[in-house]
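Quick note: the sequence shown, position 72, residue 85 per our numbering, numbers continuous.
Virtual Cβ for every residue (Gly too), placed ideally from N, Cα, C.
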Amino acid sequence: MADATFSPSAPFPHFLILASLPASLAAATTDDNKLGYASNVLEQIQSCHSKTIRRGCSCEAHGVHKLWVFATDKPHSPASHTHPRTEIRIKGYDYSSGVWQFEAYGYVPRKTSGVCIMQVFGARPPHATTLMLRVYDGSLSYYNKPVLVPHIYDDTWFKLNVIHDIERKNVRVYIYNELKFEVPGREAASHYFKCGVYGQDYSSHRMESRWKNIKVLRKRS
Numbered sequence: 014m015a016d017a018t019f020s021p022s023a024p025f026p027h028f029l030i031l032a033s034l035p036a037s038l039a040a041a042t043t044d045d046n047k048l049g050y051a052s053n054v055l056e057q058i059q060s061c062h063s064k065t066i067r068r069g070c071s072c073e074a075h076g077v078h079k080l081w082v083f084a085t086d087k088p089h090s091p092a093s094h095t096h097p098r099t100e101i102r103i104k105g106y107d108y109s110s111g112v113w114q115f116e117a118y119g120y121v122p123r124k125t126s127g128v129c130i131m132q133v134f135g136a137r138p139p140h141a142t143t144l145m146l147r148v149y150d151g152s153l154s155y156y157n158k159p160v161l162v163p164h165i166y167d168d169t170w171f172k173l174n175v176i177h178d179i180e181r182k183n184v185r186v187y188i189y190n191e192l193k194f195e196v197p198g199r200e201a202a203s204h205y206f207k208c209g210v211y212g213q214d215y216s217s218h219r220m221e222s223r224w225k226n227i228k229v230l231r232k233r234s
């Protein structure tokens with residue numbers, strides 16, 4: 014695989030778009046650069062087993078996916094002992110080799126705190142994830158620390174790119190195409206991307222994040 018430079022001033026290397034979420038979830042056409050769209054992604058949102066849940070998601074105008082959950086909601090299944098969550102789990106594009114990228118525009122409303130908004134799932138034990146991006150009091154951090162962006166609220170959308178290079182065993186996080194963080198990977202048998210809201214420690218009563226233009230890309234060999 015050809016080498017690539019991931020510098021803030023340089024464009025991203027060429028990636029092949031494998032999945033995206035269009036404004037409409039109807040079947041999408043393909044071309045030389047788009048192999049297809051994951052038209053069933055929203056059907057894979059993890060839900061709560063309680064009939065009195067207040068968590069949810071909606072696809073609003075212009076393809077905005079709004080996901081929310083309350084700290085008092087139950088886990089997504091009776092057997093789970095995790096915190097409440099509502100997440101988009103991108104299926105069909107699990108990976109164990111190569112260079113993969115998650116790209117999307119995200120928005121976190123004020124007062125949302127103590128929540129994971131994006132993760133690279135899969136890791137060597139005892140870990141379950143290779144990357145978690147969390148929000149605490151308006152700051153975006155890698156797990157609990159370090160802080161990557163101190164003011165992620167700012168009442169505006171932010172562009173997020175997460176690049177996972179299996180062979181080089183590293184993960185890089187970009188905000189608005191600027192490299193913010195690089196960390197060694199925790200390679201596992203397979204990985205996949207998730208985004209949404211997943212309650213963590215010291216979570217706010219209501220947690221919400223919004224996403225649009227979600228894409229999964231693979232670097233051309």
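Cβ neighbour criterion (16 or more within 10 Å) applied to residue i
i	result
residue 221	buried
residue 117	buried
residue 227	buried
residue 123	exposed
Test item: CB-CB of residue i and residue j under 9 Å
i	j	result
residue 229	residue 103	yes
residue 144	residue 155	yes
residue 193	residue 112	no
residue 212	residue 70	no
From the options, residue whose alpha carbon lies closest to that of residue i
i	options	result
residue 148	226, 217, 136 and 139	217
residue 180	215, 71, 201 and 206	201
residue 105	206, 215, 212 and 219	206
residue 175	134, 83 and 76	134
residue 127	183, 97 and 140	97
residue 189	165, 159, 196 and 182	165
DSSP three-state assignment for residue i, whether helix, strand or coil
i	result
residue 38	The pLDDT assigned to residue 38 is 32, lower than 50, so where the model puts this residue is not dependable; a value taken from the coordinates is nonetheless given after this. Residue state, collapsed to three classes: coil.
residue 105	coil
residue 177	strand
residue 212	strand
residue 69	strand
residue 78	strand
residue 152	strand
Opening and closing residue of the beta strand (DSSP E) in which residue i lies
i	result
residue 199	From DSSP, residue 199 is part of no beta strand (DSSP E); its letter is neither H nor E.
residue 222	219 to 232
residue 120	112 to 120
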